[in-house]
Structure formats: C-alpha cells, structure tokens
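Asker:
Residue numbers (the numbering used here): 14 to 315.
1. Report yes or no: do the region 206–218 and the region 173–184 share at least 3 C-beta pairs separated by less than 8 Å?
2. Quick one: which unbroken alpha helix (DSSP H) runs of 4-plus residues sit fully inside the region 213–293? Chain order, please.
3. From residue 55 to residue 253, what distance separates their C-alpha atoms?
4. Quick one: using the 10 Å Cβ neighbour count with 16 as the cut-off for buried, is residue 1 buried or exposed?
5. Could you name the residues of the same chain whose beta carbon sits closer than 8 Å to that of residue 299, not counting the 5 residues immediately before and after it, in chain order?
6. Have a look at 123, 70, 125, 181 and flag the residue whose alpha-carbon is nearest the alpha-carbon of residue 90.
7. Determine the contact status of residue 44 and residue 106, defining contact as a CB-CB distance below 9 Å.
8. First and last residue of the alpha helix (DSSP H) that includes residue 196?
9. Note down, in chain order, each residue of its chain lying with its Cβ closer than 6 Å to the Cβ of residue 309, except the 5 sequence neighbours on either side.
10. With a threshold of 8 Å on Cβ separation, who are the neighbours of residue 285 within its own chain once the five nearest residues in sequence on each side are excluded?
11. How many Å lie between residue 154 and residue 72 at the Cα?
12. Need the endpoints of the alpha helix (DSSP H) that residue 205 sits in, please.
13. Grab me the residues of residue 263's own chain with a C-beta within less than 7 Å of its C-beta, minus the 5 sequence neighbours each way, in chain order.
14. Does the Cβ-Cβ distance between residue 62 and residue 94 come in under 9 Å?
15. Could you tell me how far apart the beta carbons of residue 269 and residue 126 are, in whole angstroms, since I believe they sit closer than 8 Å?
16. Of all the options 279, 302, 280, 79, which has the alpha carbon lying nearest to the alpha carbon of residue 290?
17. From residue 231 to residue 123, what does the alpha carbon distance come to, in whole angstroms?
18. Under a three-way DSSP split, which group does residue 78 fall into?
19. What distance in whole Å lies between the Cβ atoms of residue 190 and residue 165, which are believed to be in contact at a cut-off of 8 Å?
20. Quick one: is residue 81 buried, meaning 16 or more other Cβ sit within 10 Å of its Cβ, or exposed?
21. Going by CA-CA distance only, name the one from 57, 173, 278 that's closest to residue 101.
22. Flag this pair as yes or no: are the beta carbons of residue 200 and residue 181 separated by less than 9 Å?
23. Which residue or residues does DSSP assign as beta-bridge partners of residue 186?
24. Which one of 259, 221, 79 has the shortest CA to CA distance from residue 239?
25. I think residue 218 touches residue 275, with their Cβ atoms under 8 Å apart; what is that distance to the nearest whole Å?
26. If you draw a straight line from the C-alpha of residue 197 to the C-alpha of residue 168, how long is it?
27. Would you tell me roughly how many angstroms separate the C-alpha atoms of residue 222 and residue 184, rounded to the nearest one?
28. Residue range of the alpha helix (DSSP H) that residue 126 falls in?
29. Can you tell me where the alpha helix (DSSP H) holding residue 94 begins and where it ends?
30. Please go through the same chain and pick out, in chain order, the residues whose beta-carbon is closer than 6 Å to the beta-carbon of residue 194, but skip the five residues on each side of it.
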C-alpha cells in the first residue's frame with residue numbers, strides 16, 4: 014500500500030502532545046499547501062457551523078462558566094468553525110483518504126483528542142463532560158512569569174530562545190521548542206517565527222488549528238501519523254503486531270500518549286479520551302471500528 018505523496022510547504026504569515034515529546038524528526042515534513050483556492054476540505058461534508066456550535070457550546074471564552082484565567086481577556090470566538098475550516102483546507106491529507114465512513118472515523122478521532130486535550134469539563138458538568146471540549150487555549154498553569162519551559166537544548170537545529178516558554182498551546186497542545194520550530198518551518202518557511210514568538214499560536218485562530226492538524230497528518234517517526242492510522246494507510250510491522258499495535262483508535266492514543274496511557278500504564282483517566290471518541294462517533298453516526306483502545310498495546314518503541 015502506497016502512501017499519498019506529501020505536498021509543498023506553505024509560506025504564509027501566520028505536538029507534539031505533552032507525553033509524546035520524546036520523538037522528533039530532523040526535518041520538517043511538507044504536508045501544507047500554499048494555494049487553497051481549488052481545495053474544498055471534506056470537513057464540510059460532515060460538519061457545518063450549526064453542528065460545530067452544538068458540539069462545542071463551551072469552547073474558549075464562550076462558556077457561561079469562566080475560568081479565572083480568562084480575566085481581562087476580551088471575549089471572542091477564537092475556536093470558531095470558520096477558523097477550523099480554513100485551517101483544514103491547508104491540509105489535503107486531512108480526511109483525504111478512504112470513503113465517507115473512514116473519513117467520519119478520522120474526524121471523530123481528531124475531534125476526540127482535540128477535545129480531551131483542551132477539556133474544561135468534569136463528570137457532572139452542565140450538559141455533560143463531552144460538551145466541554147476546546148475550553149482552554151493553552152496548558153493550565155501557564156504562562157509562568159520569566160520562566161522558560163519545555164526547552165530541550167540538545168536539539169541543535171531547534172535551539173530554544175531564552176525566556177520563551179514552549180508549553181502546550183492550541184487544540185493539540187503543541188509543546189517543546191523542536192515542535193514549535195518544525196511547525197514554524199512547515200507553515201512559514203522559517204523556523205524562527207514561532208521559536209521567537211510562540212504566543213503567535215494564541216493570537217491567530219487559523220494558525221492555532223493548523224498546528225493541531227499538522228501534528229495529526231505528520232509522521233511521528235518511528236511512529237506513524239494519526240491520519241495514516243485512521244485512514245488505513247499504515248501497515249503495522251511484525252513488531253507492531255507482536256505488541257498488539259493494530260489499525261484503530263487505540264493506536265492513535267498510543268502515538269499521542271502511549272507512554273502514559275497504553276499497556277501497563279493504562280489507567281482510568283484514559284476512559285475520557287475513549288469517551289470523547291465514542292461521543293463524536295455517535296454524533297457522526299459511525300461505529301468506532303476495530304481496536305478502539307490500547308490497554309493491551311505496548312507503547313511505540315517497545
């Protein structure tokens with residue numbers, strides 16, 4: 014099975030997630046297109062603005078229950094449907110493979126992980142736990158004054174800038190200097206844009222969503238991309254099969270947070286990630302598919 018050819022990088026003005034920050038490619042992979050005039054994202058086949066508002070009624074700064082972190086910040090619909098759609102159009106691979114059922118599962122998997130990483134909900138939350146995705150725009154507890162965070166000076170191509178914090182920002186909580194640098198190079202054609210100013214992610218909604226989709230469609234060597242798993246483009250090796258890593262949502266969880274959530278490290282908190290996936294599958298009227306959890310999988314690299 015051949016993977017689709019990746020496309021040229023974008024040069025425009027404008028994740029690794031916290032627990033999978035140990036993997037880094039030396040080069041930024043080209044998955045973004047510069048000209049979106051002739052590209053219509055398949056997102057619009059399954060979601061419109063009305064459905065988006067139903068799924069994310071408590072998204073950042075729109076919920077009636079405000080976190081004190083939002084004090085002094087003007088209200089805005091930062092995580093809007095329009096911003097998500099504009100970002101999705103930059104990535105032809107996103108929902109770009111398979112039939113409608115395959116694309117629905119990929120969309121459900123993406124929305125589930127995005128919601129889990131940014132959730133402001135709890136078990137007894139108004140409307141239910143799963144209506145609280147996209148509540149946060151950055152990792153709780155940040156920023157910390159005059160303190161550099163998530164800086165790895167061993168990655169010589171992506172040297173962190175003194176005084177800058179590369180903590181989790183955006184729907185997929187892009188973290189660590191080398192991931193900011195790689196995404197910046199893919200998006201702007203210049204690694205220094207986000208290394209110098211990581212807070213740009215909090216100022217441009219399209220850029221913010223793009224960071225999440227970039228993480229999703231990009232290979233996480235030696236791990237596959239989340240897109241390739243959900244689109245059936247990944248071929249597990251003999252080692253993967255022996256470790257019970259097979260096509261399905263469970264392998265996506267393994268890519269994102271396998272070291273903390275899969276195999277021997279599987280815990281009750283993982284149920285919320287699975288719960289979000291079931292919630293979005295139900296909404297999109299699609300079954301979860303096989304291998305939807307990772308309790309018996311060894312983390313990638315083992």
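The beta-carbon is built from N, C-alpha and C at its ideal position, and this holds for glycine as well.
Answerer: Judging by the given coordinates:
1. yes
2. 218–230, 239–243, 251–255, 262–274
3. 30 Å
4. Residue 1 lies beyond the residue range present for the chain, which begins at 14 and ends at 315; the question has no answer from this structure.
5. 114, 117, 118, 121
6. 70
7. yes
8. 190–201
9. 257
10. 129, 132, 142
11. 18 Å
12. 205–209
13. 304, 305, 306, 307, 310
14. yes
15. 6 Å
16. 302
17. 13 Å
18. coil
19. 6 Å
20. exposed
21. 57
22. no
23. According to DSSP, residue 186 bridges with nothing at all.
24. 259
25. Not confirmed; about 32 Å, so no contact.
26. 15 Å
27. 6 Å
28. 113–131
29. 94–101
30. 171, 204, 208
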